[in-house]
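J.: In UniProt numbering, the protein residues as written are 1 to 425.
Built from N, CA and C at the ideal position, the CB exists for glycine as well.
1) Relative to the C-alpha of residue 32, which candidate in 401, 107, 394 and 283 has its C-alpha closest?
2) Are the CB atoms of residue 52 and residue 11 within a distance shorter than 7 Å?
3) Taking Cβ to Cβ, would you say residue 360 is nearer than 7 Å to residue 60?
4) Evaluate the contact criterion for the region 291-301 versus the region 255-273: three or more CB pairs, one atom per stretch, below 8 Å.
5) Skipping 5 residues on each side, what residues in its chain have a beta carbon closer than 7 Å to that of residue 384?
6) Between the region 106-113 and the region 387-402, do at least 3 Cβ pairs fall closer than 8 Å?
7) What distance in whole Å lies between the Cβ atoms of residue 4 and residue 50, which are believed to be in contact at a cut-off of 8 Å?
8) Counting only runs that start and end within the region 307-368, where is the alpha helix (DSSP H) found for 4 or more residues in a row?
9) In whole angstroms, what separates the C-alpha of residue 245 from that of residue 410?
10) I need the straight-line Cα distance from residue 229 to residue 416, nearest angstrom please.
11) Quick check on residue 188: does DSSP put it in helix, strand or coil?
12) Can you give me the C-alpha to C-alpha distance between residue 179 and residue 173, rounded to a whole angstrom?
13) Mark residue 272 as exposed unless 16 or more other C-beta atoms lie within 10 angstroms of its C-beta, in which case mark it buried.
14) Since residue 146 and residue 118 are thought to touch, with beta carbons under 8 Å apart, how far apart are those beta carbons, to the nearest angstrom?
15) For a test of the three-state rule: what should DSSP assign to residue 391, helix, strand or coil?
16) Does the region 345-360 come within contact of the region 65-72, defined as at least 3 CB pairs closer than 8 Å?
17) Beta strand (DSSP E) containing residue 217: first to last residue?
18) Classify residue 21 as buried or exposed, calling it buried when 16 or more other Cβ atoms lie within 10 Å of its own Cβ.
19) If residue 201 and residue 212 are in contact, beta carbons under 8 Å, what's the gap, nearest whole angstrom?
Here you go:
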């Protein structure tokens, strides 16, 4: 088969490995879905050429934690608190039919791509049946982003016991998402040690590990588990295959246990601030040596793009942290560190040759990005907006071009999503 080549030519290339850096007038050569070379004057023979003059070229963003199904509940939990938000999910979640999950997940995934997020962990705690799980997986595949489907425990408003979803987790692993090198892969997203009995956590974690899966948990200091990370360690369950989300109420000792175990974390500063999750945690996590990605969490309580999340991270750090996070720190958290947190650093998060060609081009001729070439890294974090995202590639395949998503019938999807929102209200 003839090789498929794309040359991104003459852009301001911003890479994140080993540390964020910018190179003007630089090319990126892509072959068969992977980055072949980054440099000046790369050959264009046999390649489709994308002119990146006056464009920033960077790795696609990594959203390490989001509930995509909540795209049908946009802005439904602002000016409120965590308890009210959870009540909203308990009330609306059971109303979602499998087809509704498909529509909402697809819309959320396309929102990711539209704003330059090419890799995403979908913590899908809407799994009321095997059909709900299949619908979410189908939507991720249809969208075309690099996704980790987090098979989640539904938010029902009552405690869940017994690990009743494990049989279907096995089905999904063996029948739907068996390959770990596919565009859509699998993780387990149960309640975890802050919200379920430790015996249940142990049962679920053993099952996930037997299936070769990573697990991700919402984590906080709760009456059930004031020190949940210590509880995992004491039970011999803490390991490098875990991703902890939030953790704002955990003390430094708990966070240091995460670092020492090789596990990772994800902060969602925008949603955490909106829902009153106490002090920001991203800076503390990074200072203590935890591999830390960033997440949108949910568009019920905030914007759905990584530019907003990066700015929330940076601004929160200016208030809460010493030393404060820099723009370079935040950009790396939104790309390479997020990929590492998902176990995908070998394929995403930077523009290293050999990695999958998940690439974003930002226009610099918009009024908000004029003169951004002076400091491209700072401009990405502090100035750029989703409307600057002109081109997006996932695995070398165009999913957004000339400022427009390539996927299907956007008008029909909008109508379908509005119907879902009305039905579950």
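T.: Checking against the coordinates, here is how it stands:
1) 394
2) yes
3) yes
4) Output reads yes: the region 255-273 touches the region 291-301.
5) 307, 362 and 369
6) As far as the Cβ criterion goes, the region 106-113 touches the region 387-402, which means the pair count is three or higher.
7) Actually they are not in contact, since the Cβ atoms of residue 50 and residue 4 sit about 14 Å apart, beyond 8 Å.
8) 327-333 and 336-341
9) 32 Å
10) Each residue's Cα considered, the two are about 41 Å apart.
11) strand
12) Cα to Cα, residue 179 sits roughly 9 Å from residue 173.
13) buried
14) 6 Å
15) The answer is strand: DSSP assigns residue 391 an E or B state.
16) no
17) Element bounds for residue 217: 215-219.
18) Exposure of residue 21 is indicated by the presence of fewer than 16 other C-beta atoms within 10 angstroms of its C-beta.
19) The Cβ separation is near 18 Å, so there is no contact.
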